[in-house]
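Undergrad: What follows is a single structure, and I will ask about it in a moment.
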Amino acid sequence: MTSSTSVSPSVPALRRGGEGGADRLVQWGTWLLVIVLIFGPIVPVVYAGFVDRPLYESGGILTLGNFAALAEDPAFWAALRNTALFALFAAVPGVVIGAGLAVLVGRTDLPLRRALSVVMVAPLLFPGLGVTLGWVTMYSPSGFVSSWAAGQLGSTPWNLYSIPGMALVTLEKTVPLVYLMVRARLSALDTSIESAALTAGAGPARVLWTVTLPMLRPALLTAAILIVMIAFETLGLPLILGGPVDIDTLSTYLYRTWTSDPERQGTVSAAASGLLLLVTLLLWLRTRVEGDGGRYTTAAGKPSAARSLHLRALRWPLVLLVWCYALVAIVLPVVGLVMTSITNIFAPGVSPWSMLTSRHFETVFSNAALLRSITNSLLIGVVGAVLATAGLTLAALVAHRSRFRLRASLPPVLFYPRALPGIVVGVGTFWVFVLVAPLEPLRTTVWGIMLAFIVRNTAVGYAAIHSSLLAISTELDAAARTSGASWLRTCRDIVVPMLRPALAGCFILMFVSLLNDYDPAVFLVTTGNEVLGVTMLKQWAAGFTGPVAALGVIQIAITALAVSIGRLAWGVRPRA
Amino acid sequence: MPDITVSALGLDYADKTAIDDVSFTARDGEFLTLLGPSGCGKTTTLMSIAGLTNPSRGSITCGADVLFDSARSVNRPPEKRNCGVVFQSYAIWPHMSVAENVGYPLRLRKVRKPEIGSRVREALAMVGLDALADRYPHQLSGGQQQRVALARAVTYSPGVLLLDEPLSNLDAKLREQARGWLKEFQASVGLTTVFVTHDQDEALAMSDRVIVMNDGRIEQEGAPEDIYRRPATPFVASFLGSANLLDGTVDAPGRVRLDGGGQTVAVPEDGPLGGVQVMVRPEDVELMAPGADPDVAPLRGAVTSRMFVGSSYRYVVDCDGQSVTVSARERWEPGPVRLRVDREHCRLFPRDTAAGVAGSDRLEESSYA
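One line per chain: the protein sequences are A and B, in this order. Under our numbering, the residues of the first sequence are numbered 36 to 611, in order. Under our numbering, the residues of the second sequence are numbered 49 to 417, in order.
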């Protein structure tokens, strides 16, 4: 040995024995926590559907009676039919409009593309109930636009309080989703395939129709399935628009039966299991269509190379059309919401400027229950986002950066809550708190609601971490392991610091999602643990639209603030 | 420094065997190279030593320490193996400065701060980067990153240094320099080193010993000259350098009748009988004028193409339907020639082992990448 070595061998030896004990403990702990949290609320719902008496009574006998009772209930079948129609009416225009806009913005020389792009995605940040209120002020039979249309045409050609009306309002949320999905697919597609068609002699319209559109087919199909899933699980919208005219969807049927007829809890659970099965199938279908590869493809960074198709004569008519849509579907409802929050009466025939008032905001800040719903929601948002980010980071590390035996089961489980209807999570969480005695004190607290919200939104945060984690080379952790770091230490010193921007993103997304969520809370709210969405729902039902609008505006303001901070956090580039 | 002994190592995936029955010993201070085409299992073997891949069977020991033994269910995690590893991508942690990168393994071993400082300086001085200690990885060139990775892998006196194609990310010129530098560095620290590469030139230039792998198995093991001069299989012959493989039949001891025109060529007497392939390297064939003495240059042929490759010309000569590649400094025009084949440098392989060679071309350039 040519030992002119300048590396002296006096380095302390590494500890031997007990290898990876702490690592394994953390990995098992994380896995169990994920499984219990996500499947915990589902078990009692499904189980309750198969026993002949409420879960809190002992001696239940397994039976299919609940399903038989459900099948004999005409109201159930009506609700199912309504939901199917609702889903159809929502999915078709949602996909057509969203995809059309995405192609126009992503692939053509449409003027003002940048601005349009920002306006299109904005509704994702709006609280659902607030926006619905905005639609009502504009397009309900007594709304501004409706009255104006009735004056021009003699009658209003639309009716918001109907299934197509409900579908119309969902466009607010579904169009941006479709838009984002199709944009992502477009940016992953090489524009040279379009250039090739152009040089072969096809006109721009023909290129879009025969080349671009077929390439988008998987994205369009996934988007359609997503909208159907939303239609099946959404609760607030059909409750508000369908309720007054007795149109039940599956979710409102569940909600009303649960709250009005305690004797039929078994039937409700049976219906909830059915709903769960259906949405799970849809999720499975969606993953099948997306394909494993597609989910992980990140858009390659070549935006400047993208060629755009020339619209020529169609440019200005299309711009006009697109901005009319933005005005009607995005701007006017928000204006309606804001005006409702700052006027005594916001109705046609009365000049809103003579009705200006700050009393709705005063009510919000002076009424203890209303104020508490804001502070509770903020508390849930901040604490929940911190806990969720920590938990999801750990889960993602176990899933993608360890050799834990059951690691492969984690990603699908963490993505599964996309298929969990809010009401199912709510009912399930309620049951868990009732049945598991040590957890009972949580039932009436904000923490119980926080848990339910976190469970429902894991997929959102997990997706944010997961894609960034996959982009970090595994050789970086391997280098730390061979240097002598345990798995946990490697995660702490190497992976997590590099993941920081993604964690900030996860935190912001979770905060916004938890702040705006409310479906699962309808079954958990009592005096003291009110949250924004449920308070708005109840105030609206009681006829106080002013405070609802004020709360909606506050919710938008908080969300916008959080997202701007997030932009800054994302903007901080890691050294690489 | 301890020996590294790998015995009967095997790894099966669901439907495929990645490595099978791989056994070798890297001796104290030796520079041992695992050479082979991509997918041959060389990196899998290296990562099994590091503990980053779980083999299905066999054992790995480092001196008296058992790192892995399937029979005794021993599988030490990577952090307890004390291996220094340089990865193909270098894997320098982007959020740490050069000094932090190199000092991290020492921090893990609870070395006191001032000592970490002096050791890091020492290690960086060895790789000539002492001036760049406070830089961040993105401010370094590829060559500098590679040196940081090397410094990081040796600061803690690992039992073995494992190098996974560390030169493949450098451009051609730099790679040449790094080759010599890395070899000197290895000799000066005296670490037992296992080096993985698919580049035959690297393997031949740097190694004390080379193990050629193909399809998850060891084809041949030996000193670089040995393997080049006396390849054990057609695969090794064609993977290291280029080799002509001519089909023929042994019709008398020391004489092979070539397929096609039935010309004979003299070969060493101790070879297989029956159908054979005669392996001869392009530089061991000499071109002569068509009128040359048949006793000196027994084979007739015709030059069909000529390529200028800088230091020499490369000819393809048609010999009754079999093409022979010849490397020569003189310039010949296409047309009839005679060939002199250096008998001592011919090797015979039984015909059936030729199945392992891709394609039916007589010449196998080592163009594996």
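Glycine residues also receive a C-beta, built at the ideal position from the N, C-alpha and C atoms. Given the structure is predicted, the values throughout are model-derived calculations rather than measurements.
(1) Against chain A, with Cβ distances strictly below 9 Å, would Gln193 of chain B count as a contact?
(2) Give me the Cα-Cα distance between Pro368 of chain A and Leu195 of chain A, rounded to the nearest whole angstrom.
(3) Taking DSSP's pairing of strands, which residues face Val372 of chain B in a bridge?
(4) Hey, would you say Glu78 of chain B sits closer than 9 Å to Arg257 of chain B, going by beta carbons?
(5) If you draw a straight line from the alpha carbon of Ala56 of chain B to that of Gln234 of chain B, how long is it in whole angstroms?
(6) Shortest alpha-carbon distance to Ala350 of chain B belongs to which of B:Pro384, B:Gln311 and B:Ser107?
(7) Taking the alpha-carbon positions, what's the Ala376 of chain B to Leu387 of chain B distance?
(8) Please classify Ser359 of chain B: is it buried, with 16 or more other beta-carbons within 10 angstroms of its beta-carbon, or exposed?
(9) Tell me which residue opens and which closes the alpha helix (DSSP H) that Ser521 of chain A is part of.
(10) What residue range is occupied by the uninterrupted alpha helix (DSSP H) comprising Ser190 of chain A?
(11) Would Ala494 of chain A and Arg453 of chain A qualify as a contact pair, given that the criterion is a beta-carbon distance under 9 Å?
(12) Starting from the Cα of Pro82 of chain A, find the closest Cα among A:Val71, A:Ala592, A:Leu72 and A:Ile96 and give me that residue.
(13) Contact check, Thr241 of chain B vs Leu94 of chain B under 8 Å by CB: the rounded distance?
(14) Can you tell which of A:Leu586, A:Leu427 and A:Leu147 has the C-alpha that lies nearest to the C-alpha of Leu544 of chain A?
(15) Would you say Gly336 of chain A faces chain B, with C-beta separation under 9 Å as the test?
(16) Val260 of chain B lies in the beta strand (DSSP E); which residues open and close that run?
(17) Beta-carbon of Ala201 of chain B versus every beta-carbon of chain A: anything under 9 Å?
(18) Compute the Euclidean distance between the alpha carbons of Arg278 of chain B and Asp341 of chain B, then round it to the nearest angstrom.
(19) In chain B, which residues lie with their C-beta within 8 Å of the C-beta of Ser508 of chain A?
(20) Return the chain-ordered ranges of every alpha helix (DSSP H) run that is complete within the segment 537-580 of chain A and spans a minimum of 4 residues.
(21) Mind listing the chain B neighbours of Ile529 of chain A? Cutoff is C-beta to C-beta under 7 Å, in chain order.
(22) Residue range of the beta strand (DSSP E) that Pro253 of chain A falls in?
(23) For Pro338 of chain A, count neighbouring Cβ atoms within 10 angstroms of its own Cβ and tell me buried if that reaches 16, exposed if not.
(24) May I ask you to report which of helix, strand or coil DSSP gives Gly58 of chain B?
(25) If Thr312 of chain B sits next to Pro346 of chain B, beta carbons under 8 Å apart, how far is it from one beta carbon to the other, in whole angstroms?
(26) To the nearest angstrom, how far is the alpha carbon of Ala62 of chain B from that of Pro446 of chain A?
(27) What in chain B is Cβ-close to Ala514 of chain A, meaning under 7 Å?
(28) Of all Cβ atoms in chain B, is any one closer than 9 Å to the Cβ of Ser502 of chain A?
(29) Please list the residues of the segment 88-122 of chain B that have a C-beta atom closer than 7 Å to any C-beta atom in chain A, keeping them in chain order.
(30) Could you please give the first and the last residue of the uninterrupted alpha helix (DSSP H) stretch that includes Thr143 of chain A?
(31) Taking one C-beta from the segment 81-92 of chain B and one from the segment 260-273 of chain B each time, how about it: are there three or more such pairs within less than 8 Å?
(32) Within its chain, find whatever has a CB closer than 6 Å to the CB of Phe72 of chain B; leave out the 5 residues flanking it on each side and keep chain order.
(33) Going residue by residue through the segment 287-323 of chain A, where are the continuous alpha helix (DSSP H) segments of at least 4 residues, counting only ones entirely within it?
(34) Could you tell me the alpha carbon to alpha carbon distance between Thr297 of chain B and Phe397 of chain B, rounded to whole angstroms?
(35) In angstroms, rounded to a whole number, what distance separates the CA positions of Val71 of chain A and Arg478 of chain A?
(36) Using a Cβ-Cβ cut-off of 6 Å (strictly less than) and excluding sequence neighbours within five positions of Asp552 of chain A, which residues of its own chain qualify?
TA: Short version:
(1) On the second sequence, residue 193 of chain B is found 145 positions in, with the first residue counted as 1. Not an interface residue.
(2) Within the first sequence, numbered from 1, the residue matching residue 368 of chain A stands at position 333. Within the first sequence, numbered from 1, the residue matching residue 195 of chain A stands at position 160. Pro368 of chain A and Leu195 of chain A have their C-alpha atoms roughly 13 Å apart.
(3) Here residue 372 of chain B corresponds to residue number 324 of the second sequence, with the count starting at 1. For Val372 of chain B, which the question treats as bridged, DSSP gives the partners B:Val365.
(4) Counted from its first residue, the second sequence places residue 78 of chain B at position 30. Counted from its first residue, the second sequence places residue 257 of chain B at position 209. Between Glu78 of chain B and Arg257 of chain B, the gap from beta carbon to beta carbon is short of 9 Å.
(5) Within the second sequence, residue 56 of chain B is the residue found at index 8, counting from 1. Within the second sequence, residue 234 of chain B is the residue found at index 186, counting from 1. In a straight line, the C-alpha of Ala56 of chain B is about 27 Å away from that of Gln234 of chain B.
(6) In the second sequence, counting from the first residue as 1, residue 350 of chain B sits at position 302. Closest by alpha carbon: B:Pro384.
(7) As a working mapping, residue 376 of chain B is identified with position 328 in the second sequence. As a working mapping, residue 387 of chain B is identified with position 339 in the second sequence. Their backbone Cα atoms lie some 12 Å apart in a straight line.
(8) As a working note, residue 359 of chain B is residue 311 in the second sequence. It is exposed - the Cβ of Ser359 of chain B has fewer than 16 other Cβ atoms within 10 Å.
(9) For this step, residue 521 of chain A is matched to residue 486 along the first sequence. Here Ser521 of chain A belongs to no alpha helix (DSSP H), and DSSP marks it neither H nor E.
(10) Within the first sequence, the letter at position 155 stands for residue 190 of chain A. Per DSSP, Ser190 of chain A belongs to no alpha helix (DSSP H) and is neither H nor E.
(11) In the first sequence, residue 494 of chain A corresponds to position 459, counting from 1. In the first sequence, residue 453 of chain A corresponds to position 418, counting from 1. Yes, Cβ-Cβ distance for Ala494 of chain A and Arg453 of chain A is below 9 Å.
(12) For the purposes of this step, residue 82 of chain A is taken as the residue at position 47 of the first sequence. The amino acid occupying residue 82 of chain A in the given sequence is Tyr; Pro does not appear at that position. The residue with the shortest Cα to Cα distance from Tyr82 of chain A is A:Ile96.
(13) One-based indexing of the second sequence puts residue 241 of chain B at position 193. One-based indexing of the second sequence puts residue 94 of chain B at position 46. So it is not a contact: roughly 11 Å between Cβ atoms.
(14) Mapped onto the first sequence, residue 544 of chain A falls at position 509. Put simply, of A:Leu586, A:Leu427 and A:Leu147 the residue whose alpha carbon is nearest the alpha carbon of Leu544 of chain A is A:Leu427.
(15) On the first sequence, residue 336 of chain A is found 301 positions in, with the first residue counted as 1. Residue confidence is low: Gly336 of chain A scores 41 on pLDDT, short of 50, so the model does not pin down where it sits. Its coordinate-derived value is still stated next. Closer than 9 Å: no.
(16) Within the second sequence, residue 260 of chain B is the residue found at index 212, counting from 1. That run of the beta strand (DSSP E) goes Arg257 to Asn262.
(17) Mapped onto the second sequence, residue 201 of chain B falls at position 153. Taking 9 Å as the CB threshold, Ala201 of chain B lines the interface with chain A.
(18) The residue labelled residue 278 of chain B in the question sits at position 230 within the second sequence. The residue labelled residue 341 of chain B in the question sits at position 293 within the second sequence. Taking the straight line from one Cα to the other gives about 29 Å.
(19) In the first sequence, the residue the question calls residue 508 of chain A occupies position 473. The contacting residues are Ser137 and Ala139.
(20) The qualifying runs are 567-576.
(21) One-based indexing of the first sequence puts residue 529 of chain A at position 494. Close to Ile529 of chain A, with beta-carbon spacing below 7 Å, are these residues of chain B in chain order: Trp141.
(22) For this step, residue 253 of chain A is matched to residue 218 along the first sequence. Here Pro253 of chain A belongs to no beta strand (DSSP E); instead the alpha helix (DSSP H) covers Leu248 to Glu268.
(23) If you number the first sequence from 1, residue 338 of chain A lands on position 303. Caution applies to Pro338 of chain A, whose pLDDT of 43 falls short of 50 and renders its modelled position unreliable; the value that the coordinates give is listed next. It counts as exposed.
(24) Taking the second sequence and counting its residues from 1, the one referred to as residue 58 of chain B is at position 10. Note: Gly58 of chain B maps to strand in three-state DSSP.
(25) Sequence index remark: in the second sequence, residue 312 of chain B carries index 264 (1-based). Sequence index remark: in the second sequence, residue 346 of chain B carries index 298 (1-based). Correct: roughly 7 Å between the Cβ atoms.
(26) Mapped onto the second sequence, residue 62 of chain B falls at position 14. Mapped onto the first sequence, residue 446 of chain A falls at position 411. Ala62 of chain B and Pro446 of chain A have their C-alpha atoms roughly 22 Å apart.
(27) As a working note, residue 514 of chain A is residue 479 in the first sequence. Neighbours of Ala514 of chain A on chain B, chain order: Val133, Phe135 and Ala139.
(28) Taking the first sequence and counting its residues from 1, the one referred to as residue 502 of chain A is at position 467. Chain B, which has no Cβ nearer than 9 Å to the Cβ of Ser502 of chain A, makes this no.
(29) Within the segment 88-122 of chain B, the residues whose Cβ lies closer than 7 Å to some Cβ of chain A are Ala98 and Leu100, listed in chain order.
(30) Against the first sequence, residue 143 of chain A aligns to sequence position 108. Element bounds for Thr143 of chain A: n/a, residue is neither H nor E.
(31) Contact between the segment 81-92 of chain B and the segment 260-273 of chain B is present: 3 or more CB-CB pairs across the two stretches fall below 8 Å.
(32) As a first step, residue 72 of chain B must be located in the second sequence, where it is residue number 24. In its chain, beyond the 5 residues on either side, Val54 and Ile259 have a beta carbon closer than 6 Å to the beta carbon of Phe72 of chain B.
(33) Segments of the alpha helix (DSSP H) lying fully in the segment 287-323 of chain A: there are none.
(34) Your numbering for residue 297 of chain B matches position 249 in the second sequence. Your numbering for residue 397 of chain B matches position 349 in the second sequence. Their backbone Cα atoms lie some 11 Å apart in a straight line.
(35) The residue you call residue 71 of chain A lines up with position 36 of the first sequence. The residue you call residue 478 of chain A lines up with position 443 of the first sequence. Straight-line spacing of the CA atoms in Val71 of chain A and Arg478 of chain A works out to 17 Å.
(36) Translated into positions along the first sequence, residue 552 of chain A becomes position 517. Close CB contacts of Asp552 of chain A within its chain, under the 6 Å cut and outside five residues either way in sequence, are with Phe488 (chain order).
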